[in-house]
Amino acid sequence: MCQKQKECSFNPDSATFLCGCPFGYSRTSAGVCIPLLAPPFNGDCADLQRRYHLAGSGLYSLQDWSCSKPENCTFPAYCEMKLLGGGW
0 MCQKQKECSF NPDSATFLCG CPFGYSRTSA GVCIPLLAPP FNGDCADLQR RYHLAGSGLY
60 SLQDWSCSKP ENCTFPAYCE MKLLGGGW
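This is the structure we're talking about:
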């Protein structure tokens, strides 16, 4: 159980739950810790890999950066996350 000033969060880098996020990370509204320098939306597989280092290959929902509200313009894409460094 976390203290009131720190909310429970999930760190995808270590696949663990913790109170708050590590230095250099911020907590999303979904409770996931992401790097502060991560892009705001997953526009491609490389963005996903930067946010979620342990993400496996598979089908993901990506956002169209050219859309005025990328969160409303999603499309499915298969991302290879292991072969040749992944992120494509």
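Per numbering that gives the first Met the number 0: the sequence shown = residues 0 to 87.
Don't be surprised by glycine CBs; every beta carbon is placed ideally from N, CA and C.
Fill in: Alpha carbon of residue 80 to alpha carbon of residue 50, nearest angstrom
Counting from one through the sequence shown, the residue named residue 80 turns up at place 81. Counting from one through the sequence shown, the residue named residue 50 turns up at place 51. Straight-line measurement puts the Cα of residue 50 at about 12 Å from the Cα of residue 80.
Worksheet item: Which one of 31, 5 and 69 has the shortest CA to CA distance from residue 52?
Response: Locating residue 52 in the sequence shown gives position 53, counting from the first residue. Looking at the Cα atoms, 31 is the closest of the given residues.
Fill in: 3 or more residues per run - each beta strand (DSSP E) lying fully within the region 37–62
Complete beta strand (DSSP E) runs here, min 3: 57–62.
Practice prompt. Taking 8 Å as the cut-off, decide whether the C-beta atoms of residue 44 and residue 84 are in contact.
Written response: Against the sequence shown, residue 44 aligns to sequence position 45. Against the sequence shown, residue 84 aligns to sequence position 85. Result no, Cβ atoms of residue 44 and residue 84 do not sit closer than 8 Å.
Worksheet entry | Proximity below 8 Å, CB of residue 34 to CB of residue 19 | Your numbering for residue 34 matches position 35 in the sequence shown. Your numbering for residue 19 matches position 20 in the sequence shown. No, the pair does not count as a contact, with Cβ atoms beyond the cut-off.
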